[in-house]
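Undergrad: Start counting the sequence shown at 0; every next residue gets the next number (numbering that gives the first Met the number 0).
For every residue, glycine included, the Cβ atom is placed at its ideal position computed from N, Cα and C.
Quick caveat: nothing in here was measured; it's all calculated off a predicted structure.
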Amino acid sequence: MGVELCAKLGGGGLFTKLAKTWSKMEKGLNDCVSKSFIGRYFKLEARKSCFTKELRAATATFLTMAYIITVNATILSDSGGTCSIADCTTSLNQTASPDCMIKPNAGYQNCLSKVKGDLIVATVLSAMVGSIAMGILANLPLALAPAMGPNAYLAYNLVGFHGSGSISYQTALAIVLVEGCAFFAISAIGLRSKLAKLIPRSVRLACAAGIGLFIAFVGLQVHQGVGLIGPDLSTLVTLTGCTNTNPETGKCIGGQLRSPKIWLSLAGFLITSYGLMKNVKGSMIYGILFVTLVSWFRGTSVTYFPNTPIGDTSYNYFKKVVDFRMIKSTAGALSFGNFNRSEVWVALATLFYVDVLAITGTMHTMAEIGGYANEQGGFEGEYLAYLVDAGSTIVGSTLGVSTVATYVESSAGLREGGRTGLTAVIIGLYFFISLFFVPLLSSVPPWAIGPSLVMVGVMMMKVVKDINWADMKEAIPAFITMLLMPLTYSIANGIVAGIGLYVALSLYDYILGSIRWLIKMKRMVAKEQNQVSATAGVDSTIEII
């Protein structure tokens, strides 16, 4: 009897019946949805798609970009958010000093953990609203979320680590809001793609690579990521990964490359790398998940919940697992009081520039991959897609996050056959579900996030192959743009240097061209004068005769 059963199973009888039943149910479901109001609205049949295909596409996209939920919150919380010196705990009859925001302080760390939780919710809400709006209004399978690059610029260049920069978190969010409104305006009048074409192509490509290097550099540092790189008085930066570090500066005190956390991060990085090598969907998530799960065990040298008051508080919140959190600190945290300072307008111009280049380019790239770009370089739903993209930034800034943008990870869904806005709507619903797991999402350690930041840098570097390195006029500005972003710890510095250098190198051609034009005009004028003189001489001879 067992042999007969094995023969039936081996012959595929049972599995064949199950497969046919499943195919029949899937076809019935797809036909039902396609003929419904939802199918007609999203044009499923017109775009040769179906519900299950859109569902698979949405799942693939969400898995490849879900890392942004914790990564974005971790980066933005490094700025200190709305936390200030007033949140620091002090001894009796003592006044807190600004150092309490840099040195370990129970009160300030407690505030940071609350801000990170709020930022997780803000990230999820902005991604949910943007993705659903993109699907319903533009009918495109593109997912939106707070962008990598602008978030690092806001956290580390504008506000600075734990508020050590020149601009407050509230002012930075106001800058993002104004930039989003300006972005919405140029999208509404159709100037968005035209502005992007004004920037030299080599500098545009170098900006993407430079931002990737900057993000990777952040992911390798002590406070924000893996902990492989730290400060050094002689060489500025050096290898760390130490068992003992200075809590204020991150400088290595002892045990270089002996920290268990750095080796755990390396394991997570290898998992992500192997997955990407084999085109495994969600590889970024798997690397983060492995490191995080190991770090959740208490009593180990890599635990995220040490036996301290802060560790106990974090662990008690983590044990809730499911919790619906309301945003308490970051929503509406806007301040327009310092808009008379030059730093504010430089930041506004930088964010605007990055948005025009990166986000517009991403949308056109997705249109090419999806096969819905037309001969003129546009695509169906382009106008509404631009408005949704800019409007999502406005929504995100009021919630407390940086620029919201279309994600290149949408290509994962396009490869799975996603062709309509239904894909984007389902992605938005996935983000909504994640709202209920904030205790888990807020307990992801920095050394789990660091490897993913490095991997983002790897992916953003691929554009350098499109730069014409044989042409020095193109190569020099591109190289300086990429070099200065991580080395000066400023995306704005790299952009300004690249454009300025390109203009300076172009002056030679402009001046030489102008001189040649003047010489040509002079010759033409002289020739005309000679012809006039010759004609006048002939006329005089005729009169004499």
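#1: Name the one or two DSSP bridge partners that residue 403 has.
#2: Rank 27, 50, 75 by C-alpha distance to the C-alpha of residue 119 and give the top, closest one.
#3: From the beta carbon of residue 333, is the nearest beta carbon of chain C less than 8 Å away?
#4: Apart from the five residues just before and just after residue 524, which ones in its own chain have a Cβ nearer than 6 Å to its Cβ?
#5: Residue 182 by DSSP, collapsed to three states: which one?
#6: For residue 61, does the three-state DSSP call read helix, strand or coil?
#7: Pull up the distance between the alpha-carbon of residue 512 and that of residue 504, whole angstroms please.
#8: Leaving out five residues before and five after residue 317 in sequence, what residues of the same chain have Cβ atoms less than 6 Å from its Cβ?
#9: Exposed or buried, what is residue 113 when buried is set at 16 or more other beta-carbons lying within 10 Å of its beta-carbon?
#10: Leaving aside the five residues before and after residue 427 along the sequence, list all residues of the same chain whose C-beta is less than 6 Å from its C-beta, in chain order.
#11: So if DSSP puts residue 237 in a beta bridge, which residue, or which two residues, is it bridged to?
#12: Look up residue 528 in the DSSP assignment and say whether it is helix, strand or coil.
#13: List the endpoints of the continuous alpha helix (DSSP H) containing residue 38.
#14: Count the other CB atoms within 10 Å of the CB of residue 18; is the residue buried (16 or more) or exposed (fewer)?
#15: By DSSP, does residue 392 sit in helix, in strand, or in coil?
#16: Between residue 4 and the rest of its own chain, which residues show a CB-CB distance below 8 Å, the 5 nearest in sequence each way excluded?
#17: Which term fits residue 187, buried or exposed, when burial requires 16 or more other beta carbons within 10 angstroms of its beta carbon?
#18: Quick check on the burial criterion: 16 or more other C-beta atoms within 10 angstroms. Buried or exposed for residue 446?
#19: Would you mind stating whether residue 204 and residue 470 have Cβ atoms separated by less than 8 Å?
#20: I think residue 330 touches residue 392, with their Cβ atoms under 8 Å apart; what is that distance to the nearest whole Å?
#21: Would you grab the beta carbon distance between residue 500 and residue 123 for me? Rounded to a whole angstrom, and I think it's under 8 Å.
#22: Assuming residue 477 and residue 201 make a contact with CB atoms under 8 Å, what is their CB distance in whole Å?
#23: Along the chain, where does the alpha helix (DSSP H) containing residue 206 start, and where does it finish?
#24: Checking the sheet assignment: what are the DSSP bridge partners for residue 244?
TA: For this structure:
#1: In the sequence shown, counting from the first residue as 1, residue 403 sits at position 404. Looking at the DSSP assignment, residue 403 forms a beta bridge with 145.
#2: As a working note, residue 119 is residue 120 in the sequence shown. If we check each option's Cα against that of residue 119, 75 comes out closest.
#3: Structure shown: chain C not included; a single protein chain is present.
#4: Counting from 1 along the sequence shown, the entry for residue 524 is found at position 525. Within the same chain, residue 524 has no close Cβ partners at all.
#5: Taking the first residue of the sequence shown as position 1, residue 182 is located at position 183. Here residue 182 sits in helix by DSSP.
#6: As a first step, residue 61 is located in the sequence shown; it is residue number 62 there, counting from the start. Residue 61 falls in the helix class under three-state DSSP.
#7: Position 513 of the sequence shown, counted from the start, is the residue given in the question as residue 512. Position 505 of the sequence shown, counted from the start, is the residue given in the question as residue 504. Rounded to whole angstroms, residue 512 to residue 504 spans 14 Å at the Cα level.
#8: Here residue 317 corresponds to residue number 318 of the sequence shown, with the count starting at 1. These residues qualify, in order along the chain: 438, 442.
#9: Position 114 of the sequence shown, counted from the start, is the residue given in the question as residue 113. Counting Cβ neighbours within 10 Å, residue 113 comes out buried, since at least 16 surround it.
#10: Here residue 427 refers to the residue found at position 428 of the sequence shown. Closer than 6 Å at Cβ, skipping near neighbours: 127, 130, 131.
#11: Counting from 1 along the sequence shown, the entry for residue 237 is found at position 238. Answer is 229, bridged to residue 237.
#12: By 1-based counting over the sequence shown, the position of residue 528 is 529. DSSP, reduced to helix, strand and coil, places residue 528 within a helical segment of the structure shown.
#13: Taking the sequence shown and counting its residues from 1, one reaches residue 38 at position 39. 36 to 40 is the extent of the alpha helix (DSSP H) around residue 38.
#14: Working through the sequence shown from its first residue, we reach residue 18 at position 19. Residue 18 should be labelled exposed.
#15: Here residue 392 refers to the residue found at position 393 when the sequence shown is read from its first residue. In the structure shown, residue 392 sits in a helix (DSSP, three-state: H, G or I).
#16: Against the sequence shown, residue 4 aligns to sequence position 5. Confidence at residue 4 is low in this model, with a pLDDT of 44, below 50, so the placement of that residue should be treated as unreliable; the coordinate-derived value is given next. Closer than 8 Å at the Cβ level, and outside the excluded window around residue 4, lies no residue.
#17: Translated into positions along the sequence shown, residue 187 becomes position 188. When all chains shown are included, residue 187 counts as exposed.
#18: Here residue 446 refers to the residue found at position 447 when the sequence shown is read from its first residue. By the neighbour-count rule (16 or more Cβ atoms within 10 Å), residue 446 is buried.
#19: In the sequence shown, counting from the first residue as 1, residue 204 sits at position 205. In the sequence shown, counting from the first residue as 1, residue 470 sits at position 471. No, the Cβ-Cβ distance between residue 204 and residue 470 is not below 8 Å.
#20: Residue 330 sits at position 331 when you count from the first residue of the sequence shown. Residue 392 sits at position 393 when you count from the first residue of the sequence shown. That pair is no contact at about 15 Å.
#21: Residue mapping note: residue 500 aligns to position 501 of the sequence shown, counting from 1. Residue mapping note: residue 123 aligns to position 124 of the sequence shown, counting from 1. About 40 Å; that fails the 8 Å criterion.
#22: Within the sequence shown, numbered from 1, the residue matching residue 477 stands at position 478. Within the sequence shown, numbered from 1, the residue matching residue 201 stands at position 202. Sure, about 4 Å apart at Cβ, within 8 Å.
#23: Walking along the sequence shown from the start, residue 206 turns up at place 207. Start and end: 200 to 218.
#24: Here the question's residue 244 lines up with position 245 in the sequence shown. According to DSSP, residue 244 bridges with 251.
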